[in-house]
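So in full-length UniProt numbering the end of the sequence shown lands on 275, straight run, no missing numbers.
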Amino acid sequence: MATGAATLWSHRNALRILVRRDLAVKYQRSVLGYLWSLIEPLGLGAVYYFVFGVLYARDTGRHLGEAAGTYPLFLVAGIFAWQWAASAITEAANALTGQARLVTVLNVPREIFPVGRVAGRFAEYVAGLPILVGIAAVYALRGRIDPGVELLALPLALLVQAALLVGVALLLSALNVLVRDVERVMRLVLRVLFYATPIIYPLSLVRDSPAPGWCKAVYELNPLVGIVQLHHAAWYPDEFPDTRLLVTSVTGSLLVLVVGRLAFRRLEPAVLKEL
């Protein structure tokens, strides 16, 4: 794994060029350009705020705890994290099939292509951070939140999420070359994962529900659960995942990273032949 990281680092200039090219192609001929990377998650957040923050405000507030009076911040923190994950996974699936000529011609490690999709979507996430920080600043000035050392949960969340997404990207990009149904299946899986991750609702809502214990245990095996909790914990200390959930998310993400890299290396000859 260290070798893989060293390889990517030695080709960081090629990775940077691919990311810039990817962003330029994605927003070419678009009037609003990069603003679309912010409009989509903010629009989604506005819809969920209207439903859960306005129409069902009483029920939502009962489970939000310290986030009850700052639900927009809770939403934006979760949705921005989700947007990075969902976009990276969706676009990584066709990272090789969509750039077949470059993959076969350029003399660079093929891992750069799926990793580049993850990095490109992370750049969009970073572009939205000023909005997230701005919303948090407003609530901090009003005394609704008191940011402190818990902000360190955010870089931890980003590191763990990056490991998970790179692993998934490597695995899916290779599989999608050999089985083209992968991209379509992942769209369905992502729809399920959105609601199976505490993005628009707190984890306490699941833990306090009458659902069977085994169902809750399976739910928390999803590495994104602990990752999104870390994103929320940057602003709400009570949301910091407990030891078991944190270990599950970190271990699960690292396992996916290892499996993704091994699978990519194993499938690479067949992938190049297919391309």
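Just so you know, even glycine gets a beta-carbon here, dropped at the ideal spot from N, CA and C.
Within 10 angstroms of its Cβ, does residue 104 collect 16 or more other Cβ (buried), or is it exposed?
Mapped onto the sequence shown, residue 104 falls at position 104. Looking at its Cβ environment, which holds fewer than 16 other Cβ atoms inside 10 Å, residue 104 is exposed.
Quick check on the burial criterion: 16 or more other C-beta atoms within 10 angstroms. Buried or exposed for residue 335?
Summary: the structure shown does not reach residue 335, with the chain confined to residues 1 through 275, and so no result is reported for it.
So, at 8 Å on beta carbons, what are the nonlocal neighbours of residue 77 in its own chain, with the 5 sequence-adjacent residues on each side left out?
Working through the sequence shown from its first residue, we reach residue 77 at position 77. Hits under 8 Å: 132, 231, 232, 234, 235.
Evaluate contact between the region 118–131 and the region 196–209, counting only Cβ atoms and requiring at least three cross-stretch pairs below 8 Å.
No: the two stretches stay apart, fewer than three of their Cβ pairs being nearer than 8 Å.
Go ahead and pull the three-state DSSP assignment for residue 201.
On the sequence shown, position 201 is the one that residue 201 refers to. It is coil, neither helix nor strand.
Between which two residues does the alpha helix (DSSP H) carrying residue 82 extend?
Residue mapping note: residue 82 aligns to position 82 of the sequence shown, counting from 1. From DSSP, the alpha helix (DSSP H) with residue 82 extends over 71–92.
Just to check my reading of the structure: residue 88 and residue 165 have Cβ atoms closer than 8 Å, yes? What is that Cβ distance to the nearest angstrom?
Counted from its first residue, the sequence shown places residue 88 at position 88. Counted from its first residue, the sequence shown places residue 165 at position 165. That pair is a contact at about 5 Å.
Tell me whether the region 150–163 and the region 35–51 touch, counting them as touching only if at least three CB pairs, one residue from each stretch, are closer than 8 Å.
no
By the three-class DSSP mapping on this structure, what secondary structure does residue 150 have?
The residue labelled residue 150 in the question sits at position 150 within the sequence shown. Looking at residue 150 - three-state DSSP - the assignment turns out to be helix.
Throw me the rounded Cβ distance for the residue 238 and residue 65 pair, which I believe falls under 8 Å.
Along the sequence shown, read from residue 1 onward, the residue named residue 238 stands at position 238. Along the sequence shown, read from residue 1 onward, the residue named residue 65 stands at position 65. Indeed, because the Cβ distance is near 6 Å, the residues count as touching under 8 Å.
Taking the beta carbon of residue 143 as the centre, do at least 16 other beta carbons fall within 10 Å, making it buried, or is it exposed?
The sequence position of residue 143 within the sequence shown is 143, counting from 1. Per the 10 Å Cβ criterion, exposed.
Going by DSSP in three states, residue 101 sits in which element: helix, strand or coil?
Along the sequence shown, one-based indexing puts residue 101 at 101. Here residue 101 sits in helix by DSSP.
Which of the three DSSP states, helix, strand or coil, is assigned to residue 217?
Indexing the sequence shown from 1 puts residue 217 at position 217. Correct three-state label for residue 217: helix.
Sorted by chain position, which residues of the same chain lie with C-beta nearer than 8 Å to residue 274's C-beta, five sequence neighbours on each side aside?
Working through the sequence shown from its first residue, we reach residue 274 at position 274. The residues are 177, 178.
Which residue's Cα is closest to the Cα of residue 153: 240, 93, 119?
Translated into positions along the sequence shown, residue 153 becomes position 153. Each of 240, 93, 119 was checked against the Cα of residue 153, and the nearest Cα belongs to 240.
Return the CA-CA distance between residue 209 and residue 36, expressed in angstroms with no decimal places.
Taking the first residue of the sequence shown as position 1, residue 209 is located at position 209. Taking the first residue of the sequence shown as position 1, residue 36 is located at position 36. Spanning the two alpha carbons is a distance of roughly 36 Å.
Which residue marks the beginning of the alpha helix (DSSP H) containing residue 249, and which one marks its end?
The residue labelled residue 249 in the question sits at position 249 within the sequence shown. Looking at the DSSP string, the run of the alpha helix (DSSP H) that includes residue 249 is 243–274.
How long is the line joining the alpha carbons of residue 276 and residue 114, rounded to whole angstroms?
Nothing in the structure corresponds to residue 276, since the chain is present only between 1 and 275.
Compute the Euclidean distance between the alpha carbons of residue 118 and residue 8, then round it to the nearest angstrom.
In the sequence shown, the residue the question calls residue 118 occupies position 118. In the sequence shown, the residue the question calls residue 8 occupies position 8. Rounded to the nearest angstrom, the two C-alpha atoms are 13 Å apart.
To the nearest angstrom, how far is the alpha carbon of residue 50 from that of residue 199?
As a working mapping, residue 50 is identified with position 50 in the sequence shown. As a working mapping, residue 199 is identified with position 199 in the sequence shown. Each residue's Cα considered, the two are about 15 Å apart.
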